[in-house]
Ligand SMILES: NC(=O)c1ccc[n+]([C@@H]2O[C@H](COP(=O)([O-])OP(=O)(O)OC[C@H]3O[C@@H](n4cnc5c(N)ncnc54)[C@H](O)[C@@H]3O)[C@@H](O)[C@H]2O)c1
Ligand SMILES: NC(=O)c1ccc[n+]([C@@H]2O[C@H](COP(=O)([O-])OP(=O)(O)OC[C@H]3O[C@@H](n4cnc5c(N)ncnc54)[C@H](O)[C@@H]3O)[C@@H](O)[C@H]2O)c1
Ligand SMILES: [Fe+2]
Ligand SMILES: [Fe+2]
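Chains as they are written, first to last, in my numbering: chain B, 39 to 480; chain D, 39 to 480.
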């Protein structure tokens, strides 16, 4: 039997004794064409004497890194470059970056790249400032120990070069934990960047598929946070505010961010993917990734992200189109979006208005649509959107078949930190069906 | 000759070499019915041993203060109460609060009240932590020295009881500088509260006129920040990012906040004023004050606020309806809103679309309206709005006449920090006409 949000509340009362939500301060964000040319001055202002600049090997030769290095040189800032970040990092690649950071005494960290670089840099800063900590200490439970971070970290400036993760705004660092073949992460306000420098000219060099996949990440951050369990329905609600989770469910403030990001995606994403020179569209998507980052950083994401972690972690031989890397890969945005039609079809009965709302923003004509069809309509709208952007036809097209479903379900279970924000409760059978329904899209 | 935003940019190029804007982290905000009952735990979490609680005499007997004190007692938090805050504070009243704060060694500050209380508490914290500073050191230039704050302050928790100033989100403290009969303030990120606890039940005890006037403050924060000079038009643009002002002009992020706040005002403000028990409407306005606070905290306000400071400062005998105070007073929200029809009629030619947009959100039918009439339409819409909420009929009704205009103009000149964000440049003659046009509204 299915209860909608409203019904659940009227049957059980609110799960929380207290219906509250927070707008946690996000990172400071500076946005503008060319703003990364100022970073040398920012580092001087911070009194930096020995900067650790992290990036990945592909980016190390591209304009974003060049612009930052020039500004450092011009302002006489001393730095060392680590360009060995793995695209879609793992515990091993995190540890390599951490040992680089530990070997020297850096006083500021700078990350120039996509989510992979920014997340790696967050972890390097964290463990370099806690040299005695065990790697699993700060990793989310149940995989890690989920210990709170108590010491102070060095300032970290994040310069995102994709329009996707919003990692410049969040206190989250994601990696693939190889022993379990599943992604997990570190979540603490302490690792949130001090400043995000969002320079849209950096997105001009993004290959078409990186633009598409990181854009899907924005789309899912917006859709999932907008449909996440409302803040006044989540449970348990720890009585002491200090113990409340960062992901607190959808709320009137995160709704503003999520809806706004969704509007921008609807208006600009296709243009941004198709025309690498469309600066207006790419700039808009860059800003949308910030909006969606602040939105999901407060509200949380749910099933698409929870299920994406084993999809990325169990990759066999799929090589990602347009990615300049030497290992098999299902890029994060792709791993997230492939289940989205099935997921939102499943969650719609709990809050059909929001699903219809989202479908309408994405271009569907919902005037004649019944609430009962909200899920089907949003799913169709998403499939159409993916088809027009030439997305691989479902999980099968990235190398999975029905035999893999039990492993995918098993890998989703430990992602409770996010999946519990799904507006609809779900069993292992539900997850099985969601993966099965995502094998083929068109 | 009048150039619109677009024309100015195409004629002069952008004033800034760099078109950038920042979303500065606002305070952490916690919102929910009853959340102020948790404050004792927050103070324990902060390790507070000796709390300075500030409020005003009227509030000291009302439910918001009672709820907070109960929570402190329940959690065994030691505190002292200062309830001598002046409604619409002055340099003298700030100094009294400062000397109270200096006499003891407080480790956390708590402000329970409207903008008057929160601003006073910010100043008390600032100067108690800088015991050797002269009062004018941190006051905005040209009245004060505008020195940057370098030392660390104690944590400050703001519990707003009006739905108005958004002071719980900003690094601003406003007071009336009696020697000049004009309001000025202190603006520094250092005085921004650590946490804002926004408990909408606190607004239920607000008298009708306090609800109206503080709501007008929200309205003007939203309208002024939405129409403020765009971030890429302001000048000069200090090359070093550290020297850029907090008020940076309207930008795509502040626009989201401002427009959203305006929508809430349009939907709920009349209900909130008319029915003190309409918790939905009062809660919505309480949240709108936060939204508008974050919006104007980043973008700035302009002429209504700049001109309001001498309107409040030169008050003669006007006693504010519904305010339980023993001195003449033009409440802040009223002093701001009385010039709004004239101001937006004046600024409309620079960005008619935004003025029409605002008029439409506030209920005007703009389908047949020409761009050239944007100012007149928004002005009429505002006059109608004020009339329905039974606002005093212009500056004349609060005690001014034409002879006062030179003094009002003179008091506006030093408010350049805000007035320079007006989208339209203005002379002293322009200000004279704006005050004259605001003498009578209906
Ligand atoms: N921390 C968070 O809040 C968060 C949120 C979502 C996802 N993530 C994580 O972020 C990672 C994905 O990050 P991503 O999608 O930003 O991509 P990415 O960092 O993995 O980069 C993808 C590829 O694009 C290239 N690239 C990046 N910017 C480029 C540019 N401007 N020009 C040319 N090439 C460019 C990179 O070199 C790389 O080959 C995943 O590990 C994911 O789990 C983190
Ligand atoms: N710091 C900022 O960012 C900022 C912004 C705008 C205005 N301000 C300043 O804030 C001040 C105005 O603050 P305000 O409009 O919030 O009002 P206020 O603090 O001056 O309070 C007005 C009156 O309402 C009473 N009151 C407040 N809350 C009540 C409640 N819940 N129940 C019953 N009575 C209540 C007070 O006792 C007082 O008599 C002005 O000095 C203004 O310049 C500051
Ligand atoms: Fe993501
Ligand atoms: Fe104000």
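Yeah, the Cβ is synthetic: ideal placement off N, Cα and C, and Gly gets one too. For clarity, every value in this text was computed on a predicted model and none was experimentally measured.
Counterpart residues of residue i in DSSP-defined beta bridges
{"i": "residue 148/B", "result": "91/B and 195/B"}
{"i": "residue 221/B", "result": "214/B"}
{"i": "residue 312/D", "result": "Its beta-bridge partners do not exist; DSSP assigns none."}
{"i": "residue 120/B", "result": "92/B"}
{"i": "residue 66/D", "result": "233/D"}
{"i": "residue 128/D", "result": "214/D"}
Same chain, Cβ closer than 6 Å to residue i, neighbours up to 5 away in sequence not counted
{"i": "residue 231/B", "result": "65, 194, 196 and 206"}
{"i": "residue 477/B", "result": "432, 433 and 434"}
{"i": "residue 68/B", "result": "235"}
{"i": "residue 144/B", "result": "88 and 90"}
{"i": "residue 373/B", "result": "346, 349 and 350"}
{"i": "residue 82/B", "result": "113"}
Residues near residue i by beta carbon distance below 7 Å, same chain, minus five either side
{"i": "residue 309/D", "result": "316 and 319"}
{"i": "residue 263/B", "result": "288, 292, 296, 333, 334, 337, 338 and 339"}
{"i": "residue 480/D", "result": "421, 425 and 431"}
{"i": "residue 160/D", "result": "194, 211 and 229"}
{"i": "residue 133/D", "result": "173"}
{"i": "residue 220/D", "result": "347, 348, 351, 449 and 452"}
{"i": "residue 136/D", "result": "161, 162, 165 and 166"}
{"i": "residue 423/B", "result": "400"}
{"i": "residue 225/D", "result": "178, 209, 210 and 284"}
Collapsed DSSP secondary structure at residue i in the structure displayed
{"i": "residue 47/B", "result": "Its pLDDT being 41, under 50, residue 47/B is placed unreliably in this model, and the coordinates cannot settle the point."}
{"i": "residue 100/B", "result": "coil"}
{"i": "residue 115/B", "result": "coil"}
{"i": "residue 75/D", "result": "helix"}
{"i": "residue 268/D", "result": "strand"}
{"i": "residue 177/D", "result": "strand"}
{"i": "residue 460/B", "result": "coil"}
{"i": "residue 471/B", "result": "helix"}
{"i": "residue 288/D", "result": "strand"}
{"i": "residue 158/B", "result": "helix"}
{"i": "residue 355/D", "result": "coil"}
{"i": "residue 241/B", "result": "helix"}
{"i": "residue 476/D", "result": "coil"}
{"i": "residue 430/D", "result": "coil"}
{"i": "residue 306/B", "result": "helix"}
{"i": "residue 390/D", "result": "helix"}
{"i": "residue 206/D", "result": "coil"}
{"i": "residue 141/B", "result": "helix"}
Neighbour flag for residue i against chain B, beta carbons, 7 Å
{"i": "residue 278/D", "result": "yes"}
{"i": "residue 294/D", "result": "yes"}
{"i": "residue 102/D", "result": "no"}
Nonlocal neighbours in the same chain, by C-beta distance under 8 Å from residue i, ignoring five residues either side
{"i": "residue 191/D", "result": "163, 164, 167, 228 and 229"}
Within-7 Å CB hit, residue i to chain D
{"i": "residue 281/B", "result": "no"}
{"i": "residue 186/B", "result": "no"}
{"i": "residue 298/B", "result": "yes"}
{"i": "residue 47/B", "result": "Legend: pLDDT at residue 47/B = 41, less than 50; position of this residue unreliable, value from coordinates given subsequently. For residue 47/B, the answer is no, since every Cβ of chain D falls outside 7 Å of its Cβ."}
{"i": "residue 51/B", "result": "At residue 51/B the pLDDT is 37, less than 50, meaning the model places this residue with poor confidence and gives no usable figure here."}
{"i": "residue 290/B", "result": "yes"}
{"i": "residue 468/B", "result": "no"}
> For the stretch 390-407 of chain D, which residues have a CB atom closer than 7 Å to at least one CB atom of chain B, in sequence order?
Replying inline: none
>> Output needed in chain order: residues of the stretch 231-256 of chain B with a Cβ under 7 Å from some Cβ in chain D.
In response: none
> Relative to chain D, which residues along the stretch 344-363 of chain B have a C-beta separation below 9 Å, given in chain order?
Replying inline: none
>> Residues of the stretch 76-91 of chain D in Cβ contact with chain B at a cutoff of 7 Å, in chain order, please.
In response: 76, 79, 80 and 83
> Taking Cβ-Cβ distances below 7 Å as the criterion, which residues of the stretch 321-342 of chain D are in contact with chain B?
Replying inline: 325
> When you check each C-beta in the stretch 411-438 of chain B against every C-beta of chain D, which residues fall closer than 8 Å?
Replying inline: none
>> Give me the subset of the stretch 304-320 of chain D whose CB atoms are less than 8 Å from a CB atom of chain B, sorted by chain position.
In response: none
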